[in-house]
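Here is the structure we will look at, set down as structure tokens.
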Amino acid sequence: MQGMRLLAGFVFVAAPLAAQHGSSAEVNPFTGPQHVAAGAAIYKGKCAGCHGPEGTGTGAGPALNTGTFRRGGTDQALFQVISRGVPGTAMPAFPANALEVWQSIAYLRSLSLARVSATGRGDAQAGAALFREHCAECHTNTAPDLRGIGRRRAESELREAILRPDLKVAPAYWQVRARTAAGAEIRGTRLNEDTHSLQLRGGGGVLLSLRKKDLSETELIRRSPMPSFEGKLTPAQLDHLLAFLASGQEIPAPPARVTGDVTAERLRNAAAEPHNWLTYNGTYSSIHHSSLEAIRPENVKGLELKWVWQANSLEKLEATPLVVDGVMYLTDAPNDVVALDARTGRVFWRYDHVLPEGVAPCCGRVNRGLAILGGTLFLATLDARLIALDASTGRKRWDTVVADYREAYSLTLAPLVAGGMVIVGPAGGE
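For the sequence shown, this note's numbering begins at 9 and goes up steadily by one.
Now the structure itself:
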């Protein structure tokens, strides 16, 4: 057999090159065209089902064509994720031989490199000013998140999207116009849909749940809500804007928007809204008790299953959900957040928080829930951070360090809102 020899009763096998460059290699040693092609075949057979045929992502797996990876973007980090999987998630281990793992990484790199846009024209700083003036209000709230868009889209695609936005509209941003049996018209962005219900984001970011049996008609509008900028920007201004989008510079932060429906007054008087659950304990009296009386000891045996939501994580579920006007907000341990239609269990949006390596929580990988004020949700994390999320979209508004997780501090509690303050306390540190 080639590569094998017998000596004094022992069999020696000459290790192939891939084994010599196994998981300990810092940089992928197999990046040539033949390895990219081999990686494409591996990807098609093992990865495309969850991550999409072109790496653009699906509901089951994130996009892999952006050049940005949740658990580290080095070749070594990618090797570990592919070969070992991600415990507690839907990502399994693929313990293939080292060569196949490296070839898969070579193909993933080709996906993001193909998207890099470098116009060579325009002033990115001038483009940033144009973005703040014309784009930031929508694209930092309900419109598509454009962070890293220069790595995902070619210049020609970005130019077309700015000048002719109706040509290609992602299904996630299709609009729906619905009419109720009483004649009222409702419009919004379609977030989810099944045979019986429709979930929309309406004007002002309000999350809506519609039962189809209550609607007389619905129309799916595949046009973009974004206006065309053809004739509104000069050629030079368009080049500036494209240069900014391609530069990878930080997108301007969204405007402060903590004003919303869940006011401090509503939180103080939460007992007057027994159909809602506005804070972890239900009310500031912290009795964790509902005054609703529809379910009683004598009829509890007649309860029936209404809907099921499947968590992405295999961790413990210890959170108390918030319920705000028909929307249920809860954490999917350890630190992901999901907004559900409380009537159907259908998902409005999801936020995933990636923990850094080395997090060692004192009290388990759990989370007890969220707090809300105005239109902002507050999440405490195992890496000792306090994160603010837009309650309508799940986008991060701000993120602050409470303690140093490297000193074994962590946060598992549900934050408490008091007036204009958010109160949390770290655990651990021993």
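A virtual CB, placed ideally from N, CA and C, is assigned to each residue, including glycine.
DSSP state of residue i mapped onto helix, strand, coil
| i | result |
| --- | --- |
| VAL184 | strand |
| ASP344 | strand |
| PHE356 | strand |
| GLN133 | helix |
| ARG209 | strand |
| ALA126 | Residue confidence for ALA126 is low, a pLDDT of 42 falling below 50, so the modelled location carries little weight and cannot support an answer. |
| ARG265 | A caution first: ARG265 carries a pLDDT of 45, below 50, which makes its placement in the model unreliable, though a value can still be read off. In this structure, ARG265 counts as coil in the three-state DSSP scheme. |
| ALA435 | strand |
| ARG140 | helix |
| ASP174 | coil |
| ILE229 | strand |
| ARG92 | helix |
| TYR292 | coil |
| SER31 | Low per-residue confidence applies at SER31: pLDDT is 48, beneath 50, and the placement is therefore not dependable, though the value from the model is reported in the following sentence. Reduced to three states, the DSSP call for SER31 is coil. |
| ILE303 | coil |
| VAL109 | helix |
| GLY239 | coil |
Cross-strand partners of residue i (DSSP beta bridge)
| i | result |
| --- | --- |
| THR408 | LEU394 |
| ASP83 | ASP83 is not bridged to any residue. |
| VAL430 | VAL425 |
| GLU201 | LEU206 |
| ALA388 | LEU394 |
| ILE380 | LEU385 |
| TYR413 | DSSP output for TYR413 lists no bridge partner at all. |
Of the residues the options, the one placed nearest residue i, counting alpha carbons only
| i | options | result |
| --- | --- | --- |
| GLY130 | HIS248, ALA279, GLY156, LEU363 | HIS248 |
| ASP222 | GLU193, ALA189, GLY366 | ALA189 |
| LEU445 | GLY433, GLU163, GLY427, CYS370 | Since the first and last residues shown for the chain are 9 and 438, residue 445 lies out of range. |
| THR84 | PHE38, PRO70, GLY53 | Checking the displayed sequence, the identity of residue 84 turns out to be Gln instead of Thr. Ranking the options by Cα distance to GLN84, first place goes to PHE38. |
| CYS370 | THR66, VAL184, ALA134, ALA416 | ALA416 |
| VAL109 | THR97, GLY96, ARG92 | ARG92 |
| THR150 | ARG185, ALA192, GLY211, ALA134 | GLY211 |
| ALA280 | SER164, GLU306, SER299, TYR288 | SER299 |
| ASN200 | ALA379, ASP360, ARG354, LYS404 | ARG354 |
| GLU273 | ASN105, GLY428, LEU107 | GLY428 |
Beta-carbon gap between residue i and residue j smaller than 8 Å
| i | j | result |
| --- | --- | --- |
| ASP412 | ARG393 | no |
| ASP198 | TRP182 | Sequence inspection shows Arg at residue 198; the Asp mentioned does not correspond to that position. Cβ distance < 8 Å, so ARG198 and TRP182 count as in contact. |
| ASN375 | GLU301 | no |
| GLY402 | ALA319 | no |
| CYS58 | THR66 | yes |
| LEU166 | LEU241 | no |
| SER44 | TYR115 | Correcting the residue identity first, residue 44 is Val in this sequence and not Ser. Yes, Cβ-Cβ distance for VAL44 and TYR115 is below 8 Å. |
| ILE113 | PHE77 | no |
| ALA396 | ARG373 | no |
| LEU419 | THR389 | yes |
| ALA192 | LEU206 | no |
| SER236 | LEU138 | no |
| ARG79 | VAL362 | yes |
| LEU215 | PHE386 | no |
Min CB distance residue i to chain B below 8 Å
| i | result |
| --- | --- |
| PHE77 | The displayed structure is made up of one protein chain only, and chain B is not part of it. |
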